[in-house]
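K.L.:
This note's numbering puts the first residue of the sequence shown at 261, with every later residue one more than the last.
For glycine and all other residues, C-beta sits at the position ideal for the given N, C-alpha and C.
Quantities reported herein were computed from a predicted structural model and do not represent experimental measurements.
Got a structure here, written out as structure tokens. Questions coming.
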Amino acid sequence: MHIVHTEADGGKGGQPLRIINESLGLIQRGHQVTILCPESAPLHALAQDAGLTVVTMPLRRKNLKNLQSLRHWLKSHRQSIDVINSHNSADTWLVALANLTLSNPVPLVRTRHASGVPRNNWTTRWLFRKACAHIVTTGEALRHQVADIGVPLAQSTSVPSGVDTQRFHPADKHDARAHCGLSQDDFWLGVVSHLRPNKGHSVLLRALAKIDNPRIKLVIVGEGPHKATLEQEIVALGLQQRVMMAGHRSDPERWFPAFDIALSPSHDMEGVPQGVLQSLASRIATIATDAGGTADAVINGKTGILIAQRDESALQDAIVKLYDDANLREQLAQQGFDYLCAHFTRECMLDAMENVFSDAAQRSTSR
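Shown next, in the form of structure tokens:
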């Protein structure tokens, strides 16, 4: 199949990484992939660096000029395209409208990476139910949000971003800490995510400040617009000796094994956070909030500890509970790892997306 991805601009978080990892995996399986996005989108440079075929296309705004540009490209390449996978609202609308002008429309699959109920109006219902052959979400909770506006469950599939278990896997804690420059004798909490307000770092800092144990320390891996605010909060809370800001790291797989506990304190609109899946793949005990589709992977008391969003006290209690109980940490880490390997690997993701794309393309040719 020739699969074309469109993205208006998914920022620097997990969305462009999902598109790239999925594309590389499907190419390895013999498919052709082309990515259409604006040059200003982070995906553009990331995809080029990954060796993917990228076409610069103005998709950030729904206007006539952008629609004409997309229509011209689709019309000239239509015979070689089997399916289009859109990833943002603007590009989904542009593809849907361009399809209305083509004698042979391209099957459109829409992937929703963020949670939040879509607008329940006739235009959105038309877009999701009629213009799209299928809806993919990155978590079951997101799938049911789409169903709430009338999209049949048979027309949607939850496909979380799969983890490459060749890259993220259990490793020796002592060696990992030596690589990361973390002290061997302290108890390290770890967060790996983009630094945005809705990722919940501030809630975690306040919870940590309430734990009167200097051995319990925190490393924050990532960059983003919230960095300066977090640095100010660390000083205000007196946590300078207990929190390490590690910045962006190109080797997060080397950091997860260094943690005693991995955390996802997010109150973001997202599917299953990739950081959560990566921590499970690294066989690290995980504490996460019930944001978006996180509960698909973190089953409370079985594969991790799941708490309410923005609940400092619950986060504090969960950290102390796992600090005090090494056996529980090991049990949750092992059960989380086993569950990840059964349901959330890269191969699971590729199998599911291959089926979605194939079904959409086959339904189109049979009409």
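Which whole-angstrom value describes the C-beta separation of L343 and V369, a residue pair presumed to lie in contact below a C-beta threshold of 8 Å?
P.N.:
The question names Leu, yet the displayed sequence has Val at residue 343. Indeed, because the Cβ distance is near 6 Å, the residues count as touching under 8 Å.
K.L.:
Which one of N359, A522, I263 has the shortest CA to CA distance from R635?
P.N.:
For residue 635 there is no data in the structure shown, the boundaries of the chain being 261 and 627.
K.L.:
Can you have a look at W382 and say buried or exposed, based on whether 16 or more other CB atoms are within 10 angstroms of its CB?
P.N.:
Exposed is the call here.
K.L.:
Quick one: residues in its chain with C-beta nearer than 7 Å to the C-beta of T361, no 5 flanking neighbours on either side, listed in chain order?
P.N.:
R331, listed in sequence order.
K.L.:
Hey, V463 and L582: beta-carbon distance below 8 Å or not?
P.N.:
No, these two residues do not count as a Cβ contact at 8 Å.
K.L.:
Could you check if K272 is buried or exposed, using at least 16 other CB atoms within 10 Å of its CB as the buried criterion?
P.N.:
Buried.
K.L.:
With a cut-off of 8 Å on the beta carbons, I'd call L449 and I521 a contact; round off their distance for me.
P.N.:
5 Å between Cβ atoms; contact.
K.L.:
Could you pull out every residue in the same chain whose Cβ sits closer than 6 Å to the Cβ of A541, ignoring the five residues on either side in sequence?
P.N.:
Around A541: V423, T425, F428, L600.
K.L.:
Is C440 helix, strand or coil by DSSP?
P.N.:
Note: C440 maps to helix in three-state DSSP.
K.L.:
Give me the residue from F516, L442, V532, V558 with the minimum Cα distance to Q501.
P.N.:
Checking every option, the nearest Cα to that of Q501 belongs to L442.
K.L.:
Quick check: what's the CA-CA separation for A401 versus G553?
P.N.:
Going by the C-alpha atoms only, they are around 5 Å apart.
K.L.:
According to the neighbour-count rule (16 or more other Cβ atoms, all chains shown, within 10 Å of its Cβ), is S453 buried or exposed?
P.N.:
Answer is buried; the Cβ neighbour count reaches 16.
K.L.:
Whole angstroms is fine: what's the gap from P302's alpha carbon to S283's?
P.N.:
Their Cα atoms are separated by approximately 16 Å.
K.L.:
Whole angstroms is fine: what's the gap from Q677's alpha carbon to R437's?
P.N.:
No answer is possible for residue 677: it lies beyond the span of the chain, which begins at 261 and ends at 627.
K.L.:
G535 by DSSP, collapsed to three states: which one?
P.N.:
Three-state DSSP puts G535 in a helix.
K.L.:
With R372 and T397 assumed to form a contact (beta carbons below 8 Å), what rounded beta-carbon distance in angstroms separates them?
P.N.:
Contact flag correct, Cβ pair sits at about 5 Å.
K.L.:
Using C-beta distances below 7 Å, list every residue in its chain close to A356, excluding the 5 sequence neighbours before and after it, in chain order.
P.N.:
Excluding positions up to five away in sequence, the list reads L368, L387, A391.
K.L.:
Name the residue from G285, S340, S329 whose alpha carbon lies nearest to the alpha carbon of V264.
P.N.:
Ranking G285, S340, S329 by Cα distance to V264 puts S340 first.
K.L.:
L592 to I544, Cα distance in whole Å?
P.N.:
One C-alpha to the other measures close to 8 Å.
K.L.:
Closest to A551 by CA distance: which of K562, M529, E572 is it?
P.N.:
Considering only alpha carbons, the answer is M529.
K.L.:
What number of angstroms, rounded off, separates the C-alpha of D445 from the C-alpha of R475?
P.N.:
Computed Cα separation, rounded: 8 Å.
K.L.:
Of the residues E483, I567, Q569, which one's Cα is nearest the Cα of H508?
P.N.:
Closest by alpha carbon: E483.
K.L.:
Using the C-alpha atoms, what's the distance from L455 back to K487?
P.N.:
Going by the C-alpha atoms only, they are around 6 Å apart.
K.L.:
Just list the residues that DSSP pairs F597 with in beta bridges.
P.N.:
According to DSSP, which records beta bridges pairwise, F597 is partnered with nothing at all.
K.L.:
Tell me whether L497 sits in a helix, a strand or coil according to DSSP, three-state version.
P.N.:
It is coil, neither helix nor strand.
K.L.:
From the DSSP output, which residues share a beta bridge with Q292?
P.N.:
BP columns for Q292 point to H262.
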